[in-house]
Amino acid sequence: MNGPTPLEGLVCVPVLLPLLAAGVKLAIGGRLRRLQSLISLVTLGVSLSVSVVLLIAADTQGPQVTELGGWPAPIGISLVADRLSTLVLVVSLAVTLCVMVYSVTNAYDEQEHDAPMAIFHPAFLVMVAGVADAFLAGDLFNLFVAFELLLSGSYVLLTFGGTESRIRAGATYTLMALASSMLFLIAIAVSYGATGTLSLAQLAERFATLPDQVKLLVELTLLLAFAIKAAIFPMSAWLPDSYPTAPAPATAVFAGLLTKVGVYSIIRLEALLFPGGPVSTLLMWVALATMLTGVLGAVAQTDMKRMLSFTLVSHIGYMVFGVALSTVAGLAGAVFYVVHHITVQTSLFLVAGLVERRTGTTSVSRLGGLMRASPLLAVLFFVPAMNLSGIPPMSGFLGKLMLVQAGLARGGWLPVTLVAAGLVTSLLTLYAIAKTWGKAFWRGSRSDRVGRVLESEEHTGEDPTVTTTALPVALPAAVAALVVLGLSFTVLAGPLSGLAQRAAGELMARQPYITAVLERLR
Amino acid sequence: MNSVSLSSFAACGLMIACGVTLLLERSLVRVLAGVILLGNGVNLLIVTAGGDAGGPPFVGAAGMADPLPQAMVLTAIVITLGVSAFLLALVHRSWQLTGSDEVQDDTEDRRVRLRARRGELGDALRARQDAYRRLIVEQRAELANMEAEQAERERLEEADLERRIARVHTELEQWMRELRHEGMSEEELQHRFEEVGLREDAGAMSNMERIEQLREEHARGRREQAARERELRRAIKARQREARRQLRQAIREERERQALAQDPELEGDDS
Chain R
19 MNGPTPLEGL VCVPVLLPLL AAGVKLAIGG RLRRLQSLIS LVTLGVSLSV
69 SVVLLIAADT QGPQVTELGG WPAPIGISLV ADRLSTLVLV VSLAVTLCVM
119 VYSVTNAYDE QEHDAPMAIF HPAFLVMVAG VADAFLAGDL FNLFVAFELL
169 LSGSYVLLTF GGTESRIRAG ATYTLMALAS SMLFLIAIAV SYGATGTLSL
219 AQLAERFATL PDQVKLLVEL TLLLAFAIKA AIFPMSAWLP DSYPTAPAPA
269 TAVFAGLLTK VGVYSIIRLE ALLFPGGPVS TLLMWVALAT MLTGVLGAVA
319 QTDMKRMLSF TLVSHIGYMV FGVALSTVAG LAGAVFYVVH HITVQTSLFL
369 VAGLVERRTG TTSVSRLGGL MRASPLLAVL FFVPAMNLSG IPPMSGFLGK
419 LMLVQAGLAR GGWLPVTLVA AGLVTSLLTL YAIAKTWGKA FWRGSRSDRV
469 GRVLESEEHT GEDPTVTTTA LPVALPAAVA ALVVLGLSFT VLAGPLSGLA
519 QRAAGELMAR QPYITAVLER LR
Chain X
54 MNSVSLSSFA ACGLMIACGV TLLLERSLVR VLAGVILLGN GVNLLIVTAG
104 GDAGGPPFVG AAGMADPLPQ AMVLTAIVIT LGVSAFLLAL VHRSWQLTGS
154 DEVQDDTEDR RVRLRARRGE LGDALRARQD AYRRLIVEQR AELANMEAEQ
204 AERERLEEAD LERRIARVHT ELEQWMRELR HEGMSEEELQ HRFEEVGLRE
254 DAGAMSNMER IEQLREEHAR GRREQAARER ELRRAIKARQ REARRQLRQA
304 IREERERQAL AQDPELEGDD S
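Protein sequences, first through last, are from chains R and X. So for the first sequence, my numbering puts the first residue at 19; every next one is plus one. So for the second sequence, my numbering puts the first residue at 54; every next one is plus one.
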């Protein structure tokens with residue numbers, strides 16, 4: 019058994035470091051706020067740099083594997099960093115870092131006195147650790163633990179402050195997540211019973227020898243569990259109901275990362291464990307339904323956050339479509355879209371948070387004249403909004419283009435229908451977004467209306483003077499950094515799509531992953 | 054190949070079925086019980102999937118049970134414990150806030166209900182407006198009726214007066230004709246006539262006075278009638294204003310009540 023190389027030892031850092039920091043912060047409690055903020059930022063910064071190193075290593079030297087405690091798979095827990103997981107990890111951590119800067123500045127701990135910083139930061143870090151673990155997990159049970167980690171962090175964040183609406187949304191959210199976890203556990207039990215292993219690499223080898231029915235049963239159960247997490251159509255109703263109630267930084271991270279963890283798991287599942295299975299057609303139908311129902315929901319909304327939640331659901335459909343194509347081009351499109359969507363959706367939710375902080379509401383029917391009151395906010399909303407709806411030459415357009423090309427290359431009436439549905443969805447997204455932008459930012463100000471809103475919403479504890487004071491500089495700066503990150507995907511589209519292609523190629527080939535994990539065993 | 058105990062599989066199935074049934078309840082406490090049952094059922098499934106119970110570890114190394122499922126079950130138990138504790142806290146907080154542990158309707162449901170209530174309110178408003186319009190129409194009709202009656206009465210009175218004057222004239226004619234017939238000279242007749250005329254004049258004067266008086270009385274009656282009508286109109290106007298004011302008040306109150314009842318994230322398009 020070889021010892022891990024220094025590089026491979028780094029794989030566990032993005033998981034362990036945030037967990038460690040969360041523990042330290044819990045020990046510190048509510049004291050030493052500056053130090054606490056510093057710890058959070060440094061933790062995320064270090065994790066980000068480590069994952070960039072890992073990305074380069076995974077791209078140049080193949081998948082990096084760490085076996086925790088030196089136990090080889092399948093007994094030990096292995097963390098695997100291949101192109102896909104490190105790419106998604108880098109983007110996630112970059113986004114999380116921006117959100118952390120935002121929430122440190124926003125100082126939710128001061129505004130909501132009954133929910134101190136001592137809870138927000140550890141919960142946030144635990145969630146980040148869970149997300150990183152889910153991306154790096156090399157076996158099914160570790161993936162389950164990762165899900166539970168990120169979910170327990172998110173439970174706390176979602177019910178932050180324990181207000182009535184958050185408790186109500188939290189109950190739904192927790193129960194949905196629990197149901198999906200239980201399904202996941204059942205699938206794990208059945209897989210273990212059928213194959214005697216849970217290591218993804220070994221499962222990939224052994225599933226091939228199983229009868230088709232057993233394979234299909236396990237695949238469908240896992241798919242159902244992940245689809246609940248990713249908010250795919252029949253199981254998507256919980257998302258627009260629960261996300262908008264959480265505090266803005268939490269919603270932003272949820273929207274950016276948690277559903278993408280589900281999508282990531284589906285990509286892994288479909289590409290590694292069940293290549294070329296019969297569910298591809300089912301996935302296409304589901305993708306179609308997700309896109310259309312989501313965007314139609316978005317069109318009907320009058321609240322900015324709820325509208326964004328529905329577009330979030332709708333755009334998950336694109337990624338599922340890419341996965342369902344089960345070609346290298348389709349997967350590459352899905353990966354590119356995941357990267358783009360994490361950034362854009364997070365920035366949009368953060369801007370909605372800024373709007374709420376500035377005016378005390380995100381209801382579009384009450385907002386107005388924000389363009390004049392705060393041109394910066396208008397720009398910060400406008401750019402990612404256009405990016406989301408796929409205006410060329412932004413990354414949303416490029417991701418959709420990759421998917422459209424992949425769909426047309428695959429041929430057949432269903433993929434072509436999906437391409438058409440994707441274009442319709444894109445158009446309707448533009449409509450929903452433009453409607454929101456026009457009403458909230460572009461139309462004239464109704465100062466009397468805003469005044470009345472502020473009076474009637476005193477129970478939110480917002481100081482009415484917030485409307486007249488400017489936002490702290492770091493808040494828009496954090497959002498602006500995210501927006502610029504989203505725009506940089508256009509500039510770096512060549513290398514990025516190349517990387518996505520390579521990641522998809524590696525996924526479809528399967529063998530590099532399996533070999534990297536199992537070589538020590540042989 | 055190990056065989057799997059059917060009874061433990063049946064137990065799994067039963068527990069999972071009960072758990073799912075409880076999970077579908079509205080009361081969070083039942084849901085919590087469902088989660089615990091479901092979790093235990095699934096844990097049992099993992100243990101069952103791990104194969105038969107083996108001999109004791111360390112001592113009888115030959116038939117050792119598979120340790121991996123047991124490790125996984127331990128982890129799963131701990132996770133279920135943590136989540137159950139969280140759910141329990143959630144139930145308690147929900148009970149603190151709302152006095153019940155029921156899962157509330159989601160925002161979309163509440164929006165639909167709110168819209169329905171707005172519709173009902175609008176219907177009630179329209180019904181009240183219609184009733185009010187009908188009232189005004191009725192009152193106008195009543196007023197017109199009264200006016201018509203009054204005009205009819207006046208017409209009758211005038212006709213009566215004219216008939217009486219005509220009778221007096223014919224009587225006068227007849228009387229003069231009779232006198233002329235009796236052979237009274239024109240002069241005498243003239244004289245008589247003047248005499249009678251003077252006498253009659255006095256009577257006629259009083260008659261004229263009476264007519265004048267009647268006319269005045271009549272005019273006064275009409276004025277009074279007009280004043281009464283004006284009064285009535287004013288009263289109707291005042292009642293209309295009052296009704297409108299009350300209506301507006303009611304609408305405003307209902308809107309305020311609704312605005313208060315709304316969550317900050319539960320907003321209809323009420324602009």
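Every residue, glycine too, gets a C-beta built ideally from N, C-alpha and C.
| Query | Result |
| --- | --- |
| Validate contact between the segment 350-361 of chain R and the segment 101-109 of chain R using beta carbons, cut 8 angstroms, 3 pairs | yes |
| Interface residues of the segment 406-439 of chain R facing chain X [CB-CB below 8 angstroms] | none |
| Entirely enclosed alpha helix (DSSP H) segments - the segment 391-445 of chain R, minimum 4 residues | 393-407, 413-428 |
| Element boundaries [beta strand (DSSP E), containing S344 of chain R] | Note, S344 of chain R: premise wrong, no beta strand (DSSP E); not H, not E. |
| Sufficient close CB pairs (3 or more, under 8 angstroms) joining the segment 266-277 of chain R to the segment 220-229 of chain R | no |
| Contact with chain R by L300 of chain X, beta-carbon distance below 8 angstroms | no |
| Where the segment 151-183 of chain R meets chain X: residues whose CB sits under 7 angstroms from a CB there | F159, V163, E166, S170, Y173, T177, G180, E182, S183 |
| Within chain R, the residues that T151 of chain X reaches when beta carbons sit closer than 9 angstroms | E182, I185, R186 |
| Distance CB(L66 of chain R)-CB(A112 of chain R) smaller than 8 angstroms | yes |
| Reduced DSSP category for S121 of chain R - H, G, I as helix; E, B as strand; rest coil | helix |
| Beta-carbon separation (whole angstroms), V42 of chain R vs T84 of chain R, contact threshold 8 angstroms | Wrong, their Cβ atoms sit about 23 angstroms apart, outside the cutoff. |
| Sequence-distant residues of its chain with Cβ nearer than 6 angstroms to L37 of chain R (five each side left out) | A147 |
| Any C-beta of chain X under 8 angstroms from that of C30 of chain R | no |
| 8 angstroms Cβ shell around S515 of chain R - same chain, five flanking residues per side excluded | A350, F354, L416, M420 |
| Contact check, E237 of chain R vs F159 of chain R, beta carbons under 8 angstroms | no |
| For M337 of chain R: DSSP bridge partner residues | Its beta-bridge partners do not exist; DSSP assigns none. |
| Whether T380 of chain R touches V369 of chain R by CB criterion (8 angstroms) | no |
| Where L241 of chain R falls, given that 16 or more other Cβ within 10 Å makes a residue buried | buried |
| Minimum Cβ-Cβ distance from T160 of chain X to chain R less than 8 angstroms | yes |
| Neighbour-count burial assignment, Q266 of chain X, 16 or more Cβ in a 10 Å radius | exposed |
| Residue interval of the beta strand (DSSP E) (run including S96 of chain R) | 96-99 |
| Nearest-angstrom Cα separation, counted from A197 of chain X out to E473 of chain R | Note that E473 of chain R has pLDDT 48, beneath the 50 cutoff, so the model's placement of it is unreliable and the number below is only indicative. Each residue's alpha carbon lies about 51 angstroms from the other. |
| Between the CA atoms of V60 of chain R and S344 of chain R - distance to the nearest angstrom | 39 angstroms |
| Chain X contacts made by the segment 256-270 of chain R, where a contact means CB separation under 7 angstroms | D259, P262, T263 |
| Chain-order list of residues whose beta-carbon lies under 6 angstroms from that of V484 of chain R (same chain, five-residue window excluded) | Unreliable positioning characterises V484 of chain R in this predicted model, as indicated by a pLDDT of 39, which lies under 50. A coordinate reading is not provided. |
| Assigned exposure category for A18 of chain R - 16 Cβ within 10 Å defines buried | Limits of chain R in this structure are 19 at one end and 540 at the other, which puts residue 18 of chain R out of reach. |
| Cβ-based burial, V136 of chain X [other Cβ within 10 Å; buried from 16] | buried |
| Rounded straight-line distance, which links the Cα of Y120 of chain R to that of L154 of chain R | 26 angstroms |
| Distance between beta carbons of N405 of chain R and G504 of chain R, contact taken as under 8 angstroms | 5 angstroms |
| Chain R contact for V82 of chain X (CB, 8 angstroms cutoff) | no |
| Any chain R beta carbon closer than 8 angstroms to A296 of chain X | no |
| Per-residue DSSP class, three states only, for Q319 of chain R | coil |
| DSSP-derived helix/strand/coil call for L381 of chain R | This sequence places Ser at residue 381 of chain R; Leu is not what is there. Strand. |
| Strand pairing of D183 of chain X, partner residues [DSSP] | None; D183 of chain X has no bridge partner. |
| Residue from X:G103, X:L127, X:G116, X:M258 whose Cα sits closest to the Cα of G92 of chain X | X:L127 |
| Sub-8 angstroms separation of L358 of chain R and S283 of chain R beta-carbons | Rather than Leu, the amino acid found at residue 358 of chain R in this sequence is His. No, they are not a contact pair. |
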